[in-house]
Amino acid sequence: MTARKIIVGYDRSPDARAAARWALDEAVRTGAPVEFFYAYEWPTWAPAASTVPAPAVWPDGETDRAIKGALHEAVALAKESHPSVRTDISIVNNSAALTLIGRSEEAGLIVLGSRGHSAVVGLLGSVSVAVSGHAHCPVVVVRGEPEAGGPIVAGVDDSGSAQLALGFAVEEAVARRVPLRVIRAFAPVTGLWEDTPMVTRSVTAAERRPLDELVAGWREKHPDLDISVEALVEHPAAALTEASTDAQLLVVGSRGRGAVRGMLLGSVSQHLLRHAACTVAVVHERK
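According to our numbering, the stretch in the sequence shown is residues 1455 to 1741, in order.
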């Protein structure tokens, strides 16, 4: 069966090019086609006063030709560097975030750069966070320089999306033939109870048991995969940011236990999208 399409936001910026390389490399491993996507988010209003020059509401012909040229150039370069990958392009006059969220229902992956020149790639505070928080498929935000041979890191808790993230991380580690590092971080107690005898600074065997049982199932399915497991008392955002320094991919769920289902992307995932040293994948339950 053909793998679902990978949609990559592309505007010819360095970060968009990095996202395209990541998407194409992933397509070689999975057999998925790649679509280069661009969204015009032009103003939908113009000043009413006749003395005020009105901006163009839609792109002019020159701009349109330049965008199409950049996307066709991306396809041509992909045919040279990744000849086995099937590619196409799409251009929409609509919200980048809303379009990508809608398209994610049928996509296998959405891939974005961490910065760029367009609404698709450049607005990490809006488009990338919105898509990462509400997409129906995994969203990859390409960051940093990939560590050749570096491990895949999976940040987990006991939420449903974190367990899906672990499955995604296992697949990536197996496909790339690299180790998998699984991290479960328990936020330390602070405030009134911080210095009481009731608070421990280490993870108990009972707290760790569900994690070990979960990983044991994956070890059985993939006996040749090198899996290490860490359970520690540290804020999850800090622990995973540190782990990202020598990783090639950091995988997390879209929401942890502390977020209300249906709200925006969890705080840990938002932090990692801005501060991780490597590429971040945010994995979702398909709705």
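Cβ atoms here follow ideal geometry from the backbone N, Cα and C, with glycine treated the same way.
- DSSP places ARG1638 in the uninterrupted beta strand (DSSP E) bounded by 1634-1640.
- About 19 Å separates the CB atoms of SER1586 and SER1467; that is not less than 8 Å, and the two are not in contact.
- The beta strand (DSSP E) runs lying completely inside the stretch 1544-1622 and spanning 3 residues or more are 1563-1567, 1593-1596 and 1606-1609, given in chain order.
- DSSP places THR1658 in the coil class of the three-state scheme, outside both helix and strand.
- In the DSSP assignment, LEU1703 falls within the unbroken beta strand (DSSP E) covering 1703-1707.
- Between the alpha carbons of ILE1461 and ALA1524 lies a gap of roughly 16 Å.
- Counting the other CB atoms within 10 Å of its CB gives HIS1738 a total of 16 or more, which places it among the buried residues.
- Shown here, VAL1628 sits in a helix according to DSSP, grouped into three states.
- Each residue's CA atom was taken as its position, placing ARG1630 and GLY1515 some 43 Å apart.
- The C-beta separation of GLY1463 from ALA1470 comes to about 7 Å, placing the pair in contact by the 8 Å criterion.
- For SER1682, the enclosing beta strand (DSSP E) begins and ends at 1681-1687.
- Inter-residue distance for ALA1616 and VAL1610 is about 5 Å (C-alpha atoms, whole angstroms).
- In this chain, the alpha helix (DSSP H) harbouring ALA1524 covers 1515-1535.
- Across the set SER1568, GLU1559 and VAL1539, the C-alpha of SER1568 shows the shortest separation from the C-alpha of LEU1726.
- Cα atoms of LEU1668 and GLY1604: separation of roughly 23 Å, rounded to the nearest angstrom.
- Nearest in C-alpha terms to ALA1551, of all of ALA1530, THR1541, ALA1660 and VAL1593, is VAL1593.
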